[in-house]
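Trainee:
Residue numbers (this note's numbering), protein chains in the order written: chain W, 79 to 255; chain G, 8 to 438.
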């Protein structure tokens with residue numbers, strides 16, 4: 079997919095730096111774009127959940143890392159909704175491929191949707207094992223992780239449901255205690 | 008999102024603990040009964056080639072009472088969680104349980120005492136129980152679009168369940184109606200192969216693809232290897248069955264060889280899982296599972312020797328023992344001792360409270376005792392069957408019974424700790 083001359087360009091970095099979740103605003107503006115239109119986003123990380131939401135609206139996307147803390151996401155409303163991953167150490171943090179992590183105002187996130195069992199559990203336990211102090215993790219899942227709860231309890235962690243996202247997405251907070 | 012909403016979603020797929028627990032509890036009791044019967048009739052074991060007897064009842068207490076019973080409980084509980092599709096009816100699960108227990112008790116009595124009427128009644132109830140189980144699992148599987156390895160092997164296993172029920176019904180009818188089968192023993196042997204390798208073996212292989220990576224925290228197994236193993240095993244069982252029924256030895260041997268290849272593919276997939284695992288200390292449960300993986304091809308090799316006519320009065324009984332008490336029972340006891348505390352912990356989850364820990368629910372000492380006595384039992388009974396020494400079989404069966412009692416104590420520990428945990432929670436919430 080070759081994308082040039084975006085019709086709409088949005089820099090999400092100031093919003094995210096101010097602790098504002100840009101997802102709703104981007105979705106609203108993208109929804110007004112006609113078929114074939116292009117959209118370019120600047121973000122401090124690869125926003126895979128946002129790309130998946132836009133993918134359901136018919137936007138194909140490709141992510142490109144320009145510098146540390148600076149990503150460019152190029153999207154085209156071609157109806158395919160293809161999310162082309164750009165694997166990089168930053169994207170996956172060297173943990174589980176297909177389970178991207180990112181940091182925002184809410185804290186550290188991990189998206190394990192679509193992974194076959196037991197990879198979500200494996201990815202979460204691996205990441206949790208690398209967290210320090212009071213760090214928490216927001217997990218984006220596509221099912222209630224009933225098998226994970228005993229494993230987390232065993233290492234002194236717990237899991238709390240937070241909210242339901244788009245298209246069956248479930249968000250859980252994983253924290254110590 | 009409230010925790011209650013979350014658990015409602017999960018619980019729509021997670022059956023009440025009492026349902027899987029009744030299956031597992033019955034399996035623990037039949038485990039003791041099977042070793043007990045072998046202990047009581049150990050002198051008949053060397054040279055045993057089938058026929059109505061207490062030994063046949065003991066064998067069926069393992070295959071139906073322990074293996075099928077646990078398979079039913081685990082399938083009703085874990086398959087819906089893995090497939091994200093709930094079981095259609097809790098009442099049907101309970102009905103399958105009672106039909107199975109009553110049927111198996113009657114079947115055991117009929118086999119042990121040569122009572123054809125009770126045998127027919129027991130056989131009918133067991134056929135109904137397993138038929139109901141097959142329908143419930145098939146209903147769940149047909150709604151699944153992914154997980155091809157697990158669903159492939161489960162479908163093949165269900166196909167063999169139907170076949171084994173037909174063969175079992177023929178055998179019982181043959182006893183009850185006075186012998187219309189031209190070769191009862193050949194059909195009985197084919198029934199045993201279909202039941203052990205076809206139905207239970209493929210069920211065990213399918214469950215391994217979910218449970219082994221989950222328990223040792225490893226990436227999912229190689230899908231291609233798993234599917235090849237499943238289909239090859241299916242063809243192998245069909246060939247062996249046809250060869251046994253029609254008395255065509257080359258077909259039996261071909262089936263055995265294909266079975267060995269299927270077994271190799273399955274073990275290769277499992278070895279890859281073990282290599283990539285995150286949890287390094289796997290404990291006694293995986294000692295049993297590893298032993299079962301060794302016994303799996305061993306049983307086929309001994310079976311091939313028996314089919315080739317190498318000391319059939321020694322290799323024949325050893326084949327049956329290694330297959331049922333060796334591979335299948337050992338594998339299942341390894342898996343069950345992990346499932347029980349894990350499920351209990353899952354069922355103890357309440358909002359804002361730490362669930363009962365798996366480590367607290369696991370009774371290490373009784374399980375270690377079971378491991379030691381189970382391995383001793385396998386070694387002694389095998390030696391007794393090869394050497395045709397009844398005393399060794401008796402000693403081995405005594406070890407098996409001690410191991411089975413230890414295992415039952417560990418299961419009772421799980422129930423005790425869970426009940427205590429839930430009781431503390433309810434007292435806490437009342438305050």
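The beta-carbon is built from N, C-alpha and C at its ideal position, and this holds for glycine as well.
Pull the bridge partners of residue 238/W from the DSSP assignment, please.
Mentor: Position 160 of the first chain holds residue 238/W. Answer by DSSP bridge pairing, in chain order: 251/W.
Trainee: When the Cα atoms are used, what is the spatial distance from residue 237/G to residue 105/W?
Mentor: As a working mapping, residue 237/G is identified with position 230 in the second chain. As a working mapping, residue 105/W is identified with position 27 in the first chain. If you take the alpha carbons of residue 237/G and residue 105/W, they lie about 46 Å apart.
Trainee: Using the Cβ count rule (16 or more neighbours within 10 Å means buried), how would you classify residue 87/W?
Mentor: Here residue 87/W refers to the residue found at position 9 when the first chain is read from its first residue. It is exposed - the Cβ of residue 87/W has fewer than 16 other Cβ atoms within 10 Å.
Trainee: Can you check whether the C-beta of residue 236/W is within less than 9 Å of a C-beta belonging to chain G?
Mentor: Here residue 236/W corresponds to residue number 158 of the first chain, with the count starting at 1. Chain G, which has a Cβ nearer than 9 Å to the Cβ of residue 236/W, makes this yes.
Trainee: Is residue 217/G close to chain W, meaning its C-beta is less than 9 Å from at least one C-beta of that chain?
Mentor: Looking up residue 217/G in the second chain gives position 210. Taking Cβ atoms only, chain W reaches closer than 9 Å to residue 217/G, which makes this a yes.
Trainee: Any beta carbon of chain G sitting closer than 9 Å to that of residue 197/W?
Mentor: As a position in the first chain, residue 197/W is number 119, starting the count at 1. At least one chain G Cβ lies under 9 Å of residue 197/W.
Trainee: Which residues does DSSP pair with residue 181/W in a beta bridge?
Mentor: On the first chain, position 103 is the one that residue 181/W refers to. According to DSSP, residue 181/W bridges with 186/W.
Trainee: Distance check for residue 196/W and residue 285/G, CA to CA, integer angstroms please.
Mentor: Reading the second chain from its first residue, position 278 is the one you call residue 285/G. Reading the first chain from its first residue, position 118 is the one you call residue 196/W. Roughly 12 Å separates the two Cα atoms.
Trainee: Which residues in chain W sit within 9 Å of residue 279/G, going by Cβ to Cβ distance?
Mentor: Your numbering for residue 279/G matches position 272 in the second chain. Ordered by position in chain W, no residue passes the 9 Å Cβ test against residue 279/G, which lies about 15 Å from the chain.
Trainee: If you draw a straight line from the C-alpha of residue 271/G to the C-alpha of residue 30/G, how long is it?
Mentor: Translated into positions along the second chain, residue 271/G becomes position 264. Translated into positions along the second chain, residue 30/G becomes position 23. Near 31 Å, if we compare the C-alpha coordinates of residue 30/G and residue 271/G.
Trainee: Residue 178/W touches chain G at which residues, Cβ-Cβ below 9 Å?
Mentor: As a working mapping, residue 178/W is identified with position 100 in the first chain. Under the 9 Å cutoff, chain G gives no residues; its nearest Cβ is about 17 Å from residue 178/W.
Trainee: I'd like the list of long-range same chain contacts for residue 199/W, defined as Cβ closer than 8 Å, with 5 residues on each side in sequence excluded.
Mentor: Taking the first residue of the first chain as position 1, residue 199/W is located at position 121. So the list reads 223, 225, 226 and 229, once near-sequence residues are dropped.
Trainee: Would you call residue 26/G buried or exposed, if buried means 16 or more other Cβ atoms sit within 10 Å of its Cβ?
Mentor: On the second chain, residue 26/G is found 19 positions in, with the first residue counted as 1. Label assigned to residue 26/G: buried.
Trainee: Jot down the residue ranges of each uninterrupted alpha helix (DSSP H) in the stretch 268-331 of chain G, minimum 4 residues, whole runs only, in chain order.
Mentor: 290-314 and 319-328
Trainee: Starting from residue 371/G, trace the beta strand (DSSP E) both ways and give me its first and last residue.
Mentor: As a working mapping, residue 371/G is identified with position 364 in the second chain. Premise fails: residue 371/G lies in the alpha helix (DSSP H), 371-394, not in any beta strand (DSSP E).
Trainee: Nearest-angstrom Cα distance between residue 240/W and residue 276/G?
Mentor: Indexing the first chain from 1 puts residue 240/W at position 162. Indexing the second chain from 1 puts residue 276/G at position 269. Computed Cα separation, rounded: 37 Å.
Trainee: Would you mind working out which of 370/G, 366/G and 326/G sits nearest residue 391/G, comparing C-alpha positions?
Mentor: Start at 1 with the first residue of the second chain, and residue 391/G comes out as number 384. Checked all of 370/G, 366/G and 326/G; the closest Cα to residue 391/G is 326/G.
Trainee: Determine, using beta carbons only, whether residue 306/G and residue 344/G come nearer to each other than 9 Å.
Mentor: Taking the first residue of the second chain as 1, we reach residue 306/G at position 299. Taking the first residue of the second chain as 1, we reach residue 344/G at position 337. Result no, Cβ atoms of residue 306/G and residue 344/G do not sit closer than 9 Å.
Trainee: Closest Cβ-Cβ distance between residue 170/W and chain G: below 9 Å?
Mentor: Position 92 of the first chain, counted from the start, is the residue given in the question as residue 170/W. Note on residue 170/W: pLDDT 37, under 50, position unreliable in the model; the coordinate value appears next. Not an interface residue.
Trainee: Just to confirm the assignment, what range does the beta strand (DSSP E) spanning residue 139/W have?
Mentor: Reading the first chain from its first residue, position 61 is the one you call residue 139/W. It spans 137-145 - the beta strand (DSSP E) in which residue 139/W sits, taken as one unbroken run.
Trainee: Using a 10 Å radius around the Cβ and a threshold of 16 neighbouring Cβ atoms, would you call residue 233/W buried or exposed?
Mentor: Here residue 233/W corresponds to residue number 155 of the first chain, with the count starting at 1. The residue is exposed, with fewer than 16 neighbouring Cβ atoms inside 10 Å.
Trainee: For the stretch 81-101 of chain G, list every residue whose C-beta sits within 8 Å of some C-beta in chain W, in sequence order.
Mentor: 88, 89 and 91
Trainee: With respect to the alpha helix (DSSP H) encompassing residue 232/W, which residues constitute its N-terminal and C-terminal limits?
Mentor: Here residue 232/W corresponds to residue number 154 of the first chain, with the count starting at 1. It spans 226-232 - the alpha helix (DSSP H) in which residue 232/W sits, taken as one unbroken run.
Trainee: 9 Å is my cut-off, CB to CB: does residue 165/W come that close to chain G?
Mentor: On the first chain, position 87 is the one that residue 165/W refers to. Since pLDDT at residue 165/W reaches only 45, below the 50 mark, its modelled position is unreliable, and the value read off the structure follows with that caveat. It does not: the Cβ of residue 165/W has no partner Cβ on chain G nearer than 9 Å.
Trainee: Counting contacts by CB-CB distance shorter than 9 Å, is residue 430/G in contact with chain W?
Mentor: As a position in the second chain, residue 430/G is number 423, starting the count at 1. By this cut-off, residue 430/G is not an interface position.
Trainee: Classify residue 215/G as helix, strand or coil using the three-state DSSP reduction.
Mentor: Counting from one through the second chain, the residue named residue 215/G turns up at place 208. Note: residue 215/G maps to helix in three-state DSSP.
Trainee: If we define contact as Cβ-Cβ less than 9 Å, is residue 173/W a contact residue for chain G?
Mentor: On the first chain, position 95 is the one that residue 173/W refers to. Since pLDDT at residue 173/W reaches only 45, below the 50 mark, its modelled position is unreliable, and the value read off the structure follows with that caveat. No, because no Cβ of chain G sits closer than 9 Å to the Cβ of residue 173/W.
Trainee: Could you tell me whether the stretch 210-218 of chain G touches the stretch 333-344 of chain G, using the rule of 3 or more Cβ pairs below 8 Å?
Mentor: yes
Trainee: Using the Cα positions of residue 218/G and residue 362/G, report the straight-line distance between them to the nearest angstrom.
Mentor: The residue you call residue 218/G lines up with position 211 of the second chain. The residue you call residue 362/G lines up with position 355 of the second chain. Going by the C-alpha atoms only, they are around 21 Å apart.
Trainee: Where are the alpha helix (DSSP H) runs, 4 residues long or more, that stay fully inside the stretch 52-135 of chain G, in chain order?
Mentor: Look at the stretch 52-135 of chain G and you find these whole runs of alpha helix (DSSP H), each 4 residues long or longer: 61-67, 76-90 and 97-120.
Trainee: Indicate whether residue 90/W and residue 119/W have their beta-carbon atoms separated by less than 9 Å.
Mentor: Along the first chain, one-based indexing puts residue 90/W at 12. Along the first chain, one-based indexing puts residue 119/W at 41. Cβ distance < 9 Å, so residue 90/W and residue 119/W count as in contact.
Trainee: Quick check on DSSP: helix, strand or coil for residue 170/G?
Mentor: By one-based count along the second chain, residue 170/G stands at place 163. Here residue 170/G sits in helix by DSSP.
Trainee: Considering only the alpha carbon of each residue, which of 90/G, 250/G and 216/G lies closest to residue 311/G?
Mentor: On the second chain, residue 311/G is found 304 positions in, with the first residue counted as 1. The candidate whose alpha carbon is nearest that of residue 311/G is 250/G.
Trainee: Taking just the CA atoms, how far does residue 315/G sit from residue 264/G?
Mentor: Within the second chain, numbered from 1, the residue matching residue 264/G stands at position 257. Within the second chain, numbered from 1, the residue matching residue 315/G stands at position 308. Cα to Cα, residue 264/G sits roughly 12 Å from residue 315/G.
Trainee: Going straight from the alpha carbon of residue 360/G to that of residue 366/G, what length do you get?
Mentor: The residue you call residue 360/G lines up with position 353 of the second chain. The residue you call residue 366/G lines up with position 359 of the second chain. If I take the Cα positions, the gap works out to 17 Å.
Trainee: Sort 132/W, 123/W, 115/W and 124/W by Cα distance to residue 103/W and report the nearest one.
Mentor: One-based indexing of the first chain puts residue 103/W at position 25. When each option's Cα is compared against that of residue 103/W, the closest is 132/W.
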